[in-house]
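From first to last, the protein sequence lines are chains A and B. All letters in the first sequence, in the order written, are residues 1 to 308 by the working numbering. All letters in the second sequence, in the order written, are residues 309 to 831 by the working numbering. In this text, a Cβ means the ideal position worked out from N, Cα and C, and glycines have one as well. Here the structure is laid out as structure tokens; the discussion comes afterwards.
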Amino acid sequence: MERKIEARIQNRVGPMVAGPAGILQPLADLIKLLTKEDVEPREAKKLIFRYAPLAAFTIMVFAFCFIPIDGGSVLSFGSTVGGFNGDLLIILAFATVANFLLFLAGWASCNPYGTIGSARVLTQFLGYDIPLFLLALTPAFFVGSLQIAEIAKAQATQFWPFIFLAPWAFVMFVITMQAELEKDPFDVPHSESELVGGLETEFTGAKLAFLHLTRDVQIVFGSALVVELFLGGPYGPVFFGPSWIWYTLWFVLKVLGVVLISEYITTVVARFRIDQVLSGNWRILLPAALLSLILTVVLVTWVYPLVM
Amino acid sequence: MSSSKIDILNVVASKLGSKVQIQPGQLGAGSIIVNNGLHRDVLKAMIDADEKTGITAITGLDLGENLGVYYHVHTSGAFVTIKTEVPKSNPKIQTIVDVHPGAAFHELEVSDLMGVIFEGNQPTGHLVLSEYWPSGVYPLRKDVDASQIKMLPPQEVNKPAEDPRQVKIIIGPQHPALLEPEKFSVTVDGETVTKVEPRIGYVHRGIEKATESRSYLQDVYLVERICGICNSIHAGAFVEAVEKIIKVDIPPRAKYLRVVALELNRLHSHLLTLGHAGLEIGYETLFQYFWRDREPIMDLIELTSGNRVYSSLMTIGGVRRDIRTEDIPKIKSVLETLRGQLPFYRKIYNDEPTLRLRMKDVGVLSRKDALDLSVVGPVARGSGVDIDVRKDEPYEAYADIPFKEIVYKDGDTWARMNVRMDEVEESINIIEYVVDHLPTGPIKINLPRSVPAGEAVNRVEAPRGELFYYVRANGTDKPERVKVRTPTFANLPSFLKTAIGESIADVPANFVSLDPCFSCTDR
């Protein structure tokens, strides 16, 4: 989906051959990578180099398992709604750990491009994590709960989706997510023209496949989080038949919508320099996120009870 | 123009009088023949009189017992040559880099290929030849012994940075930021660049030497292949130089047709660079859009010449193919469409914030540095130096065609790209004027295979700047010496200066604004 959108905006057609309209292209790339020779630099730290990509992927998938779709997530813990209180923070923490493992992977490859690339990943990710947490708290404040399933459900029953109630937070969350996912304009760790492959430089074959998989899971994870927190999760009109079919459908459609927005931003801008990325974070985004939080608290405590 | 032309030769004559011998009309506006050592004084006199004086090229020649060292100097009005010779047994001559820093690269090349020793500018390694080249073997000399050329173990190693706190990052030879292989050792302190050491010569194919063993007609196709992007321009420059030696004037229709080929070359080259700049700053979409608009130009080149890239239109005495009258409406409609796209691109360059962040105030080259280093082309015109060979010394049909010279004063990457964008519009205007005013008549005249003895210089404005050819004929059907000085070779030293003090992340954007073409640089 990403690649087709990018291609169409660029006046090309994108992948066409693998699967109907090229949908299966990423899968084809994955299988191809798994069949390639695995080359390891002599100097790389073997243990981390070999297992960090796999570990990152695993943790990312693990985090994704907590995202509920109509109360039933993969790891629901017995409560009626699914998940447990505080799981919003847990999965954000897991995502951070996964990214840290990616940094370690690049660092362990002992290649100047890899080390600089990893360092940039870390600086960017950790920097933007703070506003991300703060902004993710906005819907939590509205609902009074840190449970994602509750937040999602509340948007269908009690409130309107938070994109309408706190639009500024939505916009900033999407931008921060762009930085977390390392997409343009925050593309620095992947900038081929400066750093060859960035942290991926020395990875080949199956390891590279897992690095790519991790990135793909991150994209879906990020988009799903946006959907759960701001767009009302899987809830939408049910027309006929069992509701879970419709909820799944709405969820998928909303995630694709977020991917569309995110990819659109990526395609139409150039790339920031690393120092511009950092100054943008600390000087603009973080204060803005703090302000957003304050505004949210004010609204929730005083304004909205009067209105609603 | 003509008054300042005579002035320079007069200035030299008045200052140095009987110590030099002036031959007006030879190799440009005139040649100044000096003995060893006086070339510095002549150059100094010229620079004092005219700030836009700069070295275009230094040609090394094998004249039998002596090695000729010709300094080709451009001034604001005239183009002159300072001729001097050194004996092969003791090929030492004083350097001029303290008088004019832009001469450094040229001297190093002559050292490498001809074996002239420039006192005060000693090379630390080969500039153009490979590390495996045996020392003492100078390929451009006539008496070079091919059997002596054996690969030795490499004489150069990658040295770490002198200051242990700084890191040396090697960009190249293979690197996604570079289209062609060259090596740049960039020393950084944190994120700031402190030094750039270039190592060129990875694409050196010895074309100058190869021209000496092929006939003139074969050489037309050979020099075309020096560069894949500005190919017609190399061929055009070469054939013009040969025609100057033969002292023949080609038919007017041929001149106009040559202009069409040259300007189409400039169009597709500038669109290529503008797109490539997008890639370097992470703006892939801009790259795709520019190249999409470049495709119709490639189709036009194919329409007029039969080939998308190496058009092979030029020949000694004219052009090989004519433009059919029924093709002219198609040419004009394609150009019209392209012209319609330009406002969109101008808007992006002016308004798009991410682009401005990456390009504005990046790689600033001051006007003084531009003059000192003899940069040419859009790099010079982006720093406020208004040199353009099409205006300064019109060739082919450019004297008849009205067009503007584009100059921006900012000196940064953004200015250089804007120069190229405006030149795209000017090229469109030029081609439209030409096809509207094509004179009738033959498209070429037949010339004999052998060229009478003589020598000539020729300068043209390639997309990347001033391209210089020196051709020396000896009465046979093969040239005695062909010297090519390409614009990127002249502009490369400016990159060594502009990168210093900036972040390493700016290096790709800065570099691409030079519009580097290494095939040209290395020949």
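Judged by their CB atoms, proline 559 of chain B and isoleucine 751 of chain B are nearer to each other than the 9 Å cut-off. For arginine 767 of chain B, not one C-beta of chain A is nearer than 9 Å to its own C-beta. A distance below 7 Å between beta-carbons, with the five flanking residues on each side excluded, links histidine 434 of chain B to the following residues of its chain, in chain order: Asp420, Trp441, Gly509.
Closer than 9 Å to the CB of aspartate 275 of chain A there is at least one CB belonging to chain B. Neighbourhood of phenylalanine 272 of chain A in chain B, by CB distance below 7 Å: Thr662, Leu665, in chain order. Using a C-beta cut-off of 8 Å, the segment 683-696 of chain B makes contact with the segment 763-779 of chain B, since at least three inter-stretch Cβ pairs fall below that distance. Taking each of B:Ile404, B:Pro461, B:Val504 in turn and checking the Cα distance to alanine 807 of chain B, the smallest one comes out for B:Val504. When C-beta atoms of the segment 571-580 of chain B are compared with those of the segment 546-559 of chain B, fewer than three pairs fall below 8 Å, so the two segments do not count as touching. DSSP, reduced to helix, strand and coil, places phenylalanine 66 of chain A outside both helices and strands of the structure shown, so it counts as coil. For threonine 593 of chain B, at least one C-beta of chain A is nearer than 9 Å to its own C-beta. DSSP places methionine 622 of chain B within a strand segment (E or B) once states are collapsed to three. Here histidine 745 of chain B is exposed, its C-beta having fewer than 16 other C-beta atoms within 10 Å.
Contact between the segment 289-305 of chain A and the segment 132-145 of chain A is established, with three or more Cβ pairs separated by less than 8 Å.
Taking the Cβ atoms as the reference, arginine 689 of chain B lies roughly 14 Å from valine 732 of chain B, outside the contact range of under 8 Å. The C-beta distance from alanine 353 of chain B to lysine 323 of chain B rounds to 5 Å, short enough to fall under 8 Å.
Interface criterion met: the Cβ of proline 112 of chain A is under 9 Å from a Cβ in chain B. Distance from the CA atom of threonine 96 of chain A to the CA atom of glutamine 218 of chain A, rounded to whole angstroms, is 11 Å. For phenylalanine 492 of chain B, the enclosing beta strand (DSSP E) covers residues 491-497. Comparing alpha carbon positions, the residue from B:Leu822, B:Asn343, B:Pro816 closest to proline 801 of chain B is B:Leu822. Phenylalanine 272 of chain A counts as buried, since no fewer than 16 other beta carbons sit within 10 angstroms of its beta carbon. Secondary structure note for aspartate 370 of chain B: its beta strand (DSSP E) is the uninterrupted segment 362-370.
The continuous stretches of alpha helix (DSSP H) do not include tyrosine 703 of chain B, and DSSP gives it neither H nor E.
Here threonine 748 of chain B is exposed. Its C-beta has fewer than 16 other C-beta atoms within 10 Å.
A straight-line Cα-Cα distance of about 27 Å links threonine 495 of chain B and methionine 725 of chain B.
For lysine 752 of chain B, the pairing in a beta bridge is given by DSSP as B:Gly626. In the structure shown, glutamate 516 of chain B adopts helical secondary structure according to DSSP, grouped into three states. DSSP links serine 339 of chain B through a beta bridge to B:Gln331, B:Thr389. Residue A:Val255 holds the alpha-carbon nearest to the alpha-carbon of leucine 229 of chain A among A:Phe210, A:Leu34, A:Val255, A:Glu180. Less than 9 Å divides the Cβ of asparagine 111 of chain A from the Cβ of proline 41 of chain A. The DSSP-derived three-state label of phenylalanine 203 of chain A is coil.
Just measuring C-alpha positions, the residue of B:Glu548, B:Asn658, B:Val693, B:Val765 sitting nearest isoleucine 390 of chain B is B:Val765. Counting of Cβ neighbours within 10 angstroms places glutamine 147 of chain A among the buried residues, the total reaching 16 or more. Annotation for threonine 138 of chain A: Ala166, Ala169, Thr296 place their beta carbon closer than 6 Å to its own, counting only its chain and skipping 5 residues before and after.
When C-alpha distances from phenylalanine 387 of chain B are compared across B:Gly345, B:Gly423, B:Gly368, B:Ile340, the shortest belongs to B:Ile340.
Between the alpha carbons of aspartate 680 of chain B and lysine 717 of chain B lies a distance of about 16 Å.
Closest option to proline 756 of chain B, judged by alpha-carbon separation, among B:Asp696, B:Pro409, B:Ser523: B:Ser523.
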